[in-house]
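**Student:**
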Amino acid sequence: MSIWSRMAAVGMLLAAPLTVSITGTSAAATAEGGAQVQATCDPGRICFWVGPNYTHLKFSLTPTSSGSCSIIPSPWGYRSVQNNSGYLQKVYKSANCTGAVMVPIGHGNRIADLGAAYVSVGGN
């Protein structure tokens, strides 16, 4: 079993209580001629990728409501994010949506590399 298959299995087990979908081993692809194809995130969802530049496992969640916190079911955290939820969401390095290191992600925005692994998302 490959590392990515094991990651998907772990992610599925951890995602049971959340509305999460996990897809593929690579959310970004290279088109003919070497151009980078951007990953997609369905309307009404906020999507996270384990790797920078929308690569590796993708986690797709419903938006987190104001004052709530969701932990992303990845033991590695996530490095890329896209918000198509229609709501402002904030990503955190801590598992409980607290701390000074927080990045707000407005509707329609995406960040290809957060620069570090983030592990939770909170609504505004």
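Heads up: the sequence shown runs through residues 323 to 446, numbered per the working numbering.
Here a beta-carbon is modelled for each residue, glycine too, at the ideal position from N, C-alpha and C.
These numbers come from a predicted model, not from an experiment.
1. Taking V403 as the reference, which of F381, I393, S392, V423 has the closest Cα?
2. In the DSSP output, what is C369 paired with across the bridge?
3. Using only the alpha-carbon positions, how far apart do S392 and R367 sit?
4. Report whether the distance from the Cβ of F381 to the nearest heavy atom of the ligand FAD is below 8 Å.
5. Considering only the alpha carbon of each residue, which of Y440, G445, S416 lies closest to H429?
6. Suppose you measure from the CA of I394 to the CA of N405; what does that come to, to the nearest Å?
7. Where does V443 fall in DSSP's three states?
8. In terms of residue numbering, what span does the beta strand (DSSP E) encompassing K412 cover?
9. DSSP has P426 in a bridge; who is on the other side?
10. In angstroms with no decimal places, state the Cα-to-Cα distance between D364 and L410.
11. Among T386, P397, C369, whose alpha-carbon lies nearest the alpha-carbon of A439?
12. Counting contacts by CB-CB distance shorter than 9 Å, is W371 in contact with chain D?
**Tutor:** Looking at the atomic coordinates:
1. The residue given as residue 403 occupies position 81 in the sequence shown. Of F381, I393, S392, V423, the smallest CA-CA separation from V403 is found for F381.
2. Along the sequence shown, one-based indexing puts residue 369 at 47. In the DSSP output, where bridge partners are listed per residue, C369 has S382, Q404.
3. In the sequence shown, the residue the question calls residue 392 occupies position 70. In the sequence shown, the residue the question calls residue 367 occupies position 45. Approximately 13 Å, taken between the alpha carbons.
4. Absence of the ligand FAD from the depicted structure is noted, as is the absence of any ligand whatsoever, leaving it without description.
5. Taking the first residue of the sequence shown as position 1, residue 429 is located at position 107. Closest option to H429, Cα to Cα, is G445.
6. Along the sequence shown, read from residue 1 onward, the residue named residue 394 stands at position 72. Along the sequence shown, read from residue 1 onward, the residue named residue 405 stands at position 83. One C-alpha to the other measures close to 14 Å.
7. For the purposes of this step, residue 443 is taken as the residue at position 121 of the sequence shown. V443: strand per DSSP, three-state reduction.
8. On the sequence shown, position 90 is the one that residue 412 refers to. Counting along the chain, K412 sits inside the beta strand (DSSP E) bounded by residues 411 to 414.
9. As a working mapping, residue 426 is identified with position 104 in the sequence shown. According to DSSP, P426 bridges with K412.
10. By 1-based counting over the sequence shown, the position of residue 364 is 42. By 1-based counting over the sequence shown, the position of residue 410 is 88. Cα to Cα, D364 sits roughly 16 Å from L410.
11. In the sequence shown, counting from the first residue as 1, residue 439 sits at position 117. The shortest C-alpha separation from A439 is found at P397.
12. Checking the listed chains, one finds no chain D in this structure; it contains a single protein chain.
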